[in-house]
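Down below is the structure, laid out as structure tokens.
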Amino acid sequence: MVEEHTTATGLPIEEAVIEAKEAQRHQVKNDRWTRLLDHFRREWQIYAMLLPTIVWFVVFLYKPMYGLQIAFKDYSIFRGVANSPWVGFEHFETLFSNDQFLRAVSNTIKISALNLLFGFPAPIILALMFNEILNATYKRAAQTIVYLPHFISSVIIAGIVITAFSPTAGIVNTVIGWFGLDPVYFLTQPEWFRPIFVGTGIWQEAGFGSIVFLAAIAGVSPSLYESAVVDGANRWQMMWKITIPSILPTILIMLIIRIGNIMEVSFELIILLYQPATYETADVVNTWVYRQGLQSGQYDLAAAAGLFNAVVAFALVMTANSLSRRYSRTSLW
Amino acid sequence: MRNLSLVAALLAGSAMTTPVLADGHLQIVDGDPLELTIQMNHRAYPIYEEDWPVEQKARELTNVHLVDVTVGANMRTDSENTGRTEALNLMLASGEVPDIVGSSRIRDFVNQYGPEGAFIPLNDLIEEHAPNIKAYYDQRPDIAAAVKAADGQMYYIPYLPDGKYGRAYWVRTDWLNNLGLEVPQTVEEFEAVLRAFKTQDPNGNGEADEIPFFARQWPELIRLVTLWDGRAHGSDTYHDFLVEDGKVSHGYFGEGYREGIKNLARWYAEGLIDPEVFTRGSSARDFLFSENLGGATHDWFASTGGYNSLSSEIEGFELKAMAPPASISGKRVEEHRRILVKPDGWAIGHTNEHPVETIKYFDFWFTEEGRRLANFGVEGMHYDMVDGKPIFKQEFLDAGPVNRSLYQNGAQLQGRGYFQDYNYEIQWTNEFALEGIALYDEGDYLIPDFLGVAFDPEEQKIYDKYWGSVRDYMLERQQAWILGSGDVEAEWDDYLAQLDSLGLQEVLGVMQSAYERQYGG
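First to last, the sequence lines map onto chains D and G.
Just so we're aligned: the first sequence equals residues 13 to 345 in the numbering used here.
Just so we're aligned: the second sequence equals residues 9 to 529 in the numbering used here.
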């Protein structure tokens, strides 16, 4: 191992040098821009590493914003974004005078609320449970098993769900049959769609979602637990008094992000599972946009719906963020 | 070798009595070959290659070389054809329209963007430079009307299917024999047969696991409303409009439809219809026939007849087409037929500098040689002329699914405007399908289908605004009624009122005005 060069004050030599240079510069020049330039010159490697992310953001997230204007235009692909005539808020009026769009908005919120209520705590509980497993081999095996569904494509998940809930051959109806009950054609009954969809989502994502919480738990200082043991705390008390409060910032950040995604339910799975018979509860904004906007080529209307989604999501994130900042001093920004 | 077969083809062509151009006149340009770029997306087979034997032959005969510049995925073969539409949109969004654009589902696309200037109008070009296409349209003014855009111009040359028959009623005739039943002739008898399939264990395994009626595509189930004098789909597009006495209408609000849905709900409740009909999907036919569970369906002649090969695995398996059972008023109706003109074909891009040569090239495919090339492939390679008729070589027929082989050689491309020749299919259609077709031909059960309309921008706006919601609501109630979570009788008046409030009358209004403009009322 290379011997560390340290100064008398215990600082590594490099840092001490930087400190010294910084101090000198401060005396010579107080100009902000020069300092910034020097800063870049010194730290350019770090900025170089940041560059791909920035390029990605600009190319895939900021540049497309130019096209958002088609939400206010009578868009024709041939005429292009710039040459299509303006129509003001016509597309928004169409949206909000359409009962099915409003129903889709309400369905989106309901499905997301259910997801939040049942789907958000699931990975936290799972992480806490993993944390209590002592046998390392068993722990790793259990984790791998619950991570797996995350890597299965939605198409296959939908196939599994359709088969599992089939009225003639499905496992669910077979079990129901043991109790002498009639089979239920779950996937055509509106009242069953949301439970099945949310349940599938939890099954698929809870394991993978628990990773971030496990990481947070791993970051809790062991000394806290050690002193708790000395004080005679049991595992249950340690979980409530130490683990959960320690990972609370992570939980809140994840919650804020989750709230920001409230308008985005995984619509590819819905498209694969829904039927006209279940539109009543299953049709969400994105599936509605897909049917009305993209399948029939109404990109301008689809853009308007997308913009509406984004505005709602932005408002929700801002609200959640400021609430969180006020009550827990944890926030995204 | 190549020159030899060219001469042979030309000789064969001129030997016929049809008005074929004299030798050498198939050449569109002299000297250096003319290169034209092409975007080609077609439904049945996901690639396009300039070097397919059919394309090479066409190149040789016309001296026009197509250069493939296709953008966008041509990979998805879903029934809604969204892959093709996406590819077309992508092409247009990229700002470059190739000289020729060929695609499935191209009609609405060119009829929308043609008038905006993306495609060259073809009326005058056809009139002056395309004698064979013109001759076809002179014979079929209805089809000429159907392909026009709202401004009266044609913007694409369509793929014109041949042969009338598409789908038929199929029943397990060996099951009928097992139970001592006759082929049902009326809706009442049909119901009795389905009930017997359900309750009398025709497959003999001791369990009531038979699925009396099923459908690969659930809208085929809705077609059964024709048994109660209703209407479902006005064309081979599901949930399409229809025309009654010069009025554009729709099946889903007629009295017969209501009666039909009421009875289908009853059949469903009694287990005569596949309980999973809405979710079983495209593999239903494979699964239910090969597991010896399915009793009757409504499906394509050729492919369904092919399931009789299962008789080697399932003792006595026999599946035959039956005539449509007579409806409650005694009418026998087969609602599905091959449509006369597909929304598929090709168009000329606005930047094409050789529109005259291009329309001549399009016209080439309507000549005797061109049509044969498009249908049967290359003479000597895929077929031989026997008594003046193209007959596929046996080794070509044996090489695997014939349609697929044809696509792989560049024949039967639906992104190409050509007139299909049903003889290409008869040569390899199985006996059960041919027997069924003969039965349907004798009975004359087909009804006219709706060929569609082209909207002007104002009409398009109204249609886009209302139709999606109306259609969604129709389908939602339709499924709910059949599944028994709603009652069609009790809800009918509310249903009609709701359709009106969603804008059904506005949609019918623009359909009607477009229809009258297009077909002269």
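Just so you know, even glycine gets a beta-carbon here, dropped at the ideal spot from N, CA and C.
Bear in mind that the values here come from a model prediction, so they are computed numbers and not experimental data.
Within chain D, the residues that residue i reaches when beta carbons sit closer than 8 Å
i	result
residue 121 of chain G	88, 89, 90
residue 124 of chain G	88, 90, 91
Cross-chain neighbours of residue i in chain D, by beta carbon under 7 Å
i	result
residue 106 of chain G	By Cβ distance, chain D contributes nothing, its closest Cβ being about 14 Å from residue 106 of chain G, past 7 Å.
residue 112 of chain G	In chain order: nothing, as chain D lies at least about 15 Å away.
residue 283 of chain G	179, 180, 197
residue 100 of chain G	89, 90
Range of the contiguous alpha helix (DSSP H) that encloses residue i
i	result
residue 398 of chain G	No alpha helix (DSSP H) contains residue 398 of chain G, which is instead part of the beta strand (DSSP E) from 397-400.
residue 258 of chain G	Counting along the chain, residue 258 of chain G falls outside any alpha helix (DSSP H), though it belongs to the beta strand (DSSP E) covering 255-258.
residue 271 of chain D	256-272
residue 113 of chain D	111-126
residue 135 of chain D	133-144
Residue i - DSSP class collapsed to helix/strand/coil
i	result
residue 247 of chain D	helix
residue 45 of chain G	strand
residue 302 of chain G	strand
residue 362 of chain G	coil
residue 373 of chain G	coil
residue 390 of chain G	coil
residue 73 of chain G	strand
residue 197 of chain G	helix
residue 162 of chain G	strand
residue 181 of chain D	coil
residue 334 of chain G	strand
residue 475 of chain G	helix
residue 312 of chain D	helix
residue 87 of chain G	Bear in mind that the predicted position of residue 87 of chain G carries a pLDDT of just 46, short of 50, making it unreliable; the figure below should be weighed with that in mind. DSSP places residue 87 of chain G in coil when its eight states are reduced to three.
residue 499 of chain G	helix
residue 105 of chain D	helix
residue 284 of chain D	helix
residue 28 of chain G	Low confidence applies to residue 28 of chain G: its pLDDT is 41, below 50, so where it sits in the model is not reliable enough to give any reading.
Supposed contact pair residue j and residue i - C-beta distance, whole angstroms, cut 8 Å
i	j	result
residue 58 of chain G	residue 74 of chain G	6 Å
residue 332 of chain D	residue 267 of chain D	7 Å
residue 104 of chain D	residue 316 of chain D	6 Å
residue 96 of chain G	residue 111 of chain G	6 Å
residue 269 of chain G	residue 518 of chain G	Residue 269 of chain G to residue 518 of chain G, Cβ: 27 Å. No contact.
residue 457 of chain G	residue 347 of chain G	6 Å
residue 117 of chain D	residue 277 of chain D	Actually they do not touch by this definition, with Cβ atoms about 12 Å apart.
residue 159 of chain D	residue 220 of chain D	5 Å
residue 438 of chain G	residue 310 of chain G	7 Å
residue 114 of chain G	residue 353 of chain G	6 Å
Per-residue contacts from residue i into chain G (C-beta, under 7 Å)
i	result
residue 174 of chain D	287
residue 135 of chain D	Those within 7 Å of residue 135 of chain D in chain G number zero; the least Cβ separation is about 30 Å.
residue 292 of chain D	484
residue 106 of chain D	473
Residue i at chain G interface by Cβ criterion, 9 Å
i	result
residue 55 of chain D	no
residue 333 of chain D	no
residue 289 of chain D	yes
residue 197 of chain D	yes
residue 180 of chain D	yes
residue 152 of chain D	no
residue 112 of chain D	yes
residue 76 of chain D	no
N- and C-terminal bounds of the beta strand (DSSP E) containing residue i
i	result
residue 175 of chain G	175-180
residue 69 of chain D	No beta strand (DSSP E) contains residue 69 of chain D, which is instead part of the alpha helix (DSSP H) from 44-69.
residue 250 of chain G	249-252
residue 328 of chain G	327-330
residue 354 of chain G	353-356
residue 111 of chain G	108-111
residue 219 of chain G	219-221
Chain D within 9 Å of residue i, Cβ atoms only
i	result
residue 268 of chain G	no
residue 477 of chain G	yes
residue 493 of chain G	yes
residue 217 of chain G	yes
residue 208 of chain G	no
Proximal residues of chain G, C-beta to C-beta of residue i below 9 Å
i	result
residue 309 of chain D	93, 97, 116, 117, 120, 472
residue 186 of chain D	By Cβ distance, chain G contributes nothing, its closest Cβ being about 14 Å from residue 186 of chain D, past 9 Å.
Proximal chain D residues relative to residue i, where beta-carbon distance stays under 9 Å
i	result
residue 480 of chain G	112, 288, 291, 295, 300, 303, 304
residue 488 of chain G	200, 202, 288, 289, 292
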